[in-house]
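Peer 1: Here you go, one structure.
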Amino acid sequence: MEILFLWRKGGENMLQIDDWVELISETEDENVPVGSLLQVVDITLDKKEAWVRPDYRILSIPVNKLRKV
Numbered sequence: 000m001e002i003l004f005l006w007r008k009g010g011e012n013m014l015q016i017d018d019w020v021e022l023i024s025e026t027e028d029e030n031v032p033v034g035s036l037l038q039v040v041d042i043t044l045d046k047k048e049a050w051v052r053p054d055y056r057i058l059s060i061p062v063n064k065l066r067k068v
């Protein structure tokens, strides 16, 4: 399993807005199960968290819990 490292410059693993990611680890939100596909809507300046949209909500999830699909 390939974990996404956002601080790496360039390359195919560089996460961008509108990318689709898969949740690979549990979060505090029980309504978003592991394996969920999420759309990236924003990325924090330190590139450690991504704001993602699982449905009508927008959640902040640490990037080490996401994998680019």
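Okay, so the sequence shown: first residue is 0 according to numbering that gives the first Met the number 0, each after it adds one.
Think of the CB as a built atom: it goes at the ideal place given N, C-alpha and C, for glycine as much as any other residue.
Predicted model, so just to flag it, every value in this text is computed and none were measured.
E56 to D28, Cα distance in whole Å?
Peer 2: Residue 56 is actually Arg in this sequence, not Glu. Answer to the nearest angstrom: the Cα atoms are 11 Å apart.
Peer 1: What did DSSP end up calling V33 once you bin it into helix, strand or coil?
Peer 2: Three-state DSSP puts V33 in coil, outside helix and strand.
Peer 1: Pull up the distance between the alpha-carbon of P61 and that of Q15, whole angstroms please.
Peer 2: When rounded, the distance between both Cα atoms is 15 Å.
Peer 1: Near I23, which residues of its chain fall below 7 Å by C-beta distance, leaving aside the five closest residues on each side in sequence?
Peer 2: M0, V33, K64, L65 and R66
Peer 1: Short check: CB of D17 to CB of V40, under 9 Å?
Peer 2: D17 is a Cβ neighbour of V40, given a cutoff of 9 Å.
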